[in-house]
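First up is the structure itself, then whatever we jot down about it.
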Amino acid sequence: MYNDITKPPPPLPTTQSTEIKPGLSIVLPLSRRGHGPGLIVLVPDTEQSLAIIDGVPSQLIKWAEEGYTVIEIQRQALITGGREVLVEAARALESCEKCDTKDKVGLIAYDPELWNYVAPTLTSVPTVVGAVVYSHESESSTLEPADIPILRHLAGKKPEAAKQQDLVKDFYYPNAKSHRFASPFQDQFDYWAESLSHTRILQFLKPIMNGPYFDLETIWDEHTYYEFADRSVEHTMSTMVDQPYVNHVPTLTGGIGRESLTKFYRHNFIFNNSEDTELELISRTLGIDRVVDEFIFKFTHDQELDWLLPGVPPTNKYVEVPFTAVVNVRGDRLYHEHISWDQGTVLKQVGLMPEYLPYPYALPDGSKPGPGKQFEYRVPVVGIESAEKMRDRNSVASNKMFEFRLREVPE
244 MYNDITKPPP
254 PLPTTQSTEI
264 KPGLSIVLPL
274 SRRGHGPGLI
284 VLVPDTEQSL
294 AIIDGVPSQL
304 IKWAEEGYTV
314 IEIQRQALIT
324 GGREVLVEAA
334 RALESCEKCD
344 TKDKVGLIAY
354 DPELWNYVAP
364 TLTSVPTVVG
374 AVVYSHESES
384 STLEPADIPI
394 LRHLAGKKPE
404 AAKQQDLVKD
414 FYYPNAKSHR
424 FASPFQDQFD
434 YWAESLSHTR
444 ILQFLKPIMN
454 GPYFDLETIW
464 DEHTYYEFAD
474 RSVEHTMSTM
484 VDQPYVNHVP
494 TLTGGIGRES
504 LTKFYRHNFI
514 FNNSEDTELE
524 LISRTLGIDR
534 VVDEFIFKFT
544 HDQELDWLLP
554 GVPPTNKYVE
564 VPFTAVVNVR
574 GDRLYHEHIS
584 WDQGTVLKQV
594 GLMPEYLPYP
604 YALPDGSKPG
614 PGKQFEYRVP
624 VVGIESAEKM
634 RDRNSVASNK
644 MFEFRLREVP
654 E
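In this text, residue positions in the sequence shown follow our numbering: the first is 244, and each later residue adds one.
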């Protein structure tokens, strides 16, 4: 089912970009599948169409990684070529052999001015079946209508009197300052607002365009197979986009970017996990570009796991830890993993978390411990019971920690 790790994995695809004319270019899908539906993006003039800076790709690269055949139209091309440029872009997609579903094309305008310029002529491009527009809430009333479904990402707070229009869906981004929050490589770019809008675009466009759809479970299972079963750094990385990242939240371990993450996998993770490591899946939630797993990470602490217990020598204790993984899949490769767990239960199970710890403050009523004494609080952490509770809701009674109390003991 998976690739033979005794052979090199397939290389990442190289970006195949063709300039049709100044300001008008096409990029083929950067997915493993290698073909996909057409997407037209309208952007301000830029010389960074193919850039990836600090792990952030340009719009053109990002949507190609999602599996689309992408046409980028810059402002200069629209101004000099007129609205006919949109028709030219649609023809280029129609003639591209890597573009499938040619009769259902999506359009994303990263500038409201560019949207208003092309919206009145969309009837001349019937293959465009859905559009996305970035703007500011204060300018929403000036956006041109169109007779196709429209998703609008609006910087600013949602007004109290906001009205829903036919064929139009609005999302608001209260912390964003302008429509440029989704355009990288400039000061107003907001990574997390853009990321949220990106997922919403996929949710909006894919049903209209019939894809591209990928088997996210298989992609994630393949990645973890190479990590924990075959233990191949190269094949693990082959399942990820050009510049992925992994963030282990409790210990701040992982890697950002291909070079850093490869180093982490090679020296701190794949070969550092115990031989009896096992992942017991409890639940899985699938989104348009997400896999969210609840699982129990089981292992014997018979070697130093510096990604999980940095600086702690082996205790030879058996441990079961509830984990949560939020995995973002871009096209048919992983983009990032956000992994969280309760570090308290890890320390408890390896015998490094005391039952009580000093409470160095006065009580709310001003009370202080007597001479030669100190307050101690019972640490609200459990051991393997946390894993048992995730596995079986009835295994441990709920709310027993409500009985925990402060105590006064000799110093």
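Think of the CB as a built atom: it goes at the ideal place given N, C-alpha and C, for glycine as much as any other residue.
Cβ-Cβ distance between residue i and residue j below 7 Å
{"i": "G554", "j": "G298", "result": "no"}
{"i": "L649", "j": "Y620", "result": "yes"}
{"i": "V484", "j": "Y578", "result": "yes"}
{"i": "T558", "j": "V593", "result": "yes"}
{"i": "E563", "j": "I627", "result": "yes"}
{"i": "V534", "j": "W463", "result": "yes"}
{"i": "G277", "j": "T312", "result": "no"}
{"i": "I525", "j": "M452", "result": "no"}
{"i": "I283", "j": "Q486", "result": "no"}
{"i": "G279", "j": "P455", "result": "yes"}
{"i": "Q617", "j": "E646", "result": "no"}
Residues near residue i by beta carbon distance below 6 Å, same chain, minus five either side
{"i": "Y469", "result": "S475, H478, T479"}
{"i": "K611", "result": "A605"}
{"i": "P427", "result": "V299"}
{"i": "H541", "result": "The sequence given here places Lys at residue 541; His does not occur at that position. These residues qualify, in order along the chain: E521, E563."}
{"i": "E465", "result": "Y245, T482"}
{"i": "I444", "result": "V375"}
{"i": "D473", "result": "I248"}
{"i": "S358", "result": "The amino acid at residue 358 is misidentified as Ser; the sequence shows Trp. Cβ within range, chain order: A352, V376."}
Alpha carbon of residue i to alpha carbon of residue j, nearest angstrom
{"i": "S301", "j": "M596", "result": "46 Å"}
{"i": "L394", "j": "T588", "result": "44 Å"}
{"i": "F566", "j": "Q586", "result": "10 Å"}
{"i": "P450", "j": "V348", "result": "12 Å"}
{"i": "V652", "j": "Y602", "result": "11 Å"}
{"i": "P614", "j": "P607", "result": "19 Å"}
{"i": "E337", "j": "T323", "result": "23 Å"}
{"i": "D354", "j": "L285", "result": "7 Å"}
{"i": "E340", "j": "G497", "result": "39 Å"}
{"i": "I269", "j": "V361", "result": "19 Å"}
{"i": "R573", "j": "E537", "result": "21 Å"}
{"i": "D343", "j": "D458", "result": "18 Å"}
{"i": "A352", "j": "Y377", "result": "6 Å"}
{"i": "K560", "j": "S274", "result": "43 Å"}
{"i": "N248", "j": "K506", "result": "One detail in the question is off: residue 248 reads as Ile in this sequence, not Asn. Taking the straight line from one Cα to the other gives about 18 Å."}
{"i": "A405", "j": "L303", "result": "32 Å"}
{"i": "W550", "j": "S583", "result": "12 Å"}
{"i": "N637", "j": "M644", "result": "16 Å"}
{"i": "F528", "j": "G609", "result": "The residue asked about is misnamed: residue 528 is Thr in this sequence, not Phe. About 48 Å."}
{"i": "E460", "j": "P254", "result": "22 Å"}
{"i": "T257", "j": "F514", "result": "29 Å"}
{"i": "L552", "j": "T494", "result": "8 Å"}
{"i": "I314", "j": "P623", "result": "55 Å"}
{"i": "D346", "j": "L271", "result": "17 Å"}
{"i": "S440", "j": "T261", "result": "27 Å"}
{"i": "K305", "j": "P402", "result": "31 Å"}
{"i": "T442", "j": "D575", "result": "15 Å"}
{"i": "E523", "j": "A568", "result": "13 Å"}
{"i": "K420", "j": "L504", "result": "32 Å"}
{"i": "N490", "j": "P369", "result": "43 Å"}
{"i": "E308", "j": "L600", "result": "50 Å"}
Beta-carbon contacts of residue i that lie in its chain and below 8 Å, excluding the five residues immediately before and after
{"i": "F447", "result": "G373, V375, P392, L394, K412"}
{"i": "K400", "result": "E380, Y415, P417"}
{"i": "S383", "result": "R395, L397, D413"}
{"i": "D288", "result": "G266, Q317, R318, Q319"}
{"i": "Q259", "result": "V270, L271"}
{"i": "R509", "result": "V476"}
According to DSSP, residues forming a beta bridge with residue i
{"i": "Q737", "result": "No answer is possible for residue 737: it lies beyond the span of the chain, which begins at 244 and ends at 654."}
{"i": "V589", "result": "Per DSSP, none; premise fails for V589."}
{"i": "G498", "result": "V489"}
{"i": "F471", "result": "BP columns for F471 are empty, so no partner."}
{"i": "N483", "result": "For the sequence presented, residue 483 should be read as Met rather than Asn. According to DSSP, M483 bridges with L577."}
{"i": "L350", "result": "I283, A374"}
{"i": "G399", "result": "Y416"}
{"i": "H379", "result": "A398"}
{"i": "L267", "result": "K264, I316"}
{"i": "W584", "result": "F566"}
{"i": "S526", "result": "E537"}
Same chain, Cβ closer than 7 Å to residue i, neighbours up to 5 away in sequence not counted
{"i": "T364", "result": "R326, L329"}
{"i": "P556", "result": "E547"}
{"i": "H422", "result": "D354, P355, Y377, S378, H379, A398"}
{"i": "E631", "result": "S638, V639"}
{"i": "V625", "result": "T588, K591"}
{"i": "S629", "result": "P565, D585, T588"}
{"i": "I531", "result": "T442, L445, Q446, K449"}
{"i": "A332", "result": "L267, I283, I314, I316"}
Check: residue i C-beta below 6 Å from any heavy atom of the ligand NAP
{"i": "S260", "result": "In the structure shown, the ligand NAP is absent, as is every other ligand, since no ligand is present at all."}
Requested in this report: Kindly provide the ranges of any beta strand (DSSP E) runs that are 3 or more residues long and lie completely inside the region 594-646, ordered along the chain.
Outcome: Within the region 594-646, the runs of beta strand (DSSP E) at least 3 residues long that lie entirely inside it are, in chain order, 599-601, 616-621.
**Asked** Of all the beta strand (DSSP E) runs that stay within the bounds of the region 530-572, which reach a length of 3 or more residues?
**Response** Qualifying beta strand (DSSP E) stretches, in chain order: 533-543.
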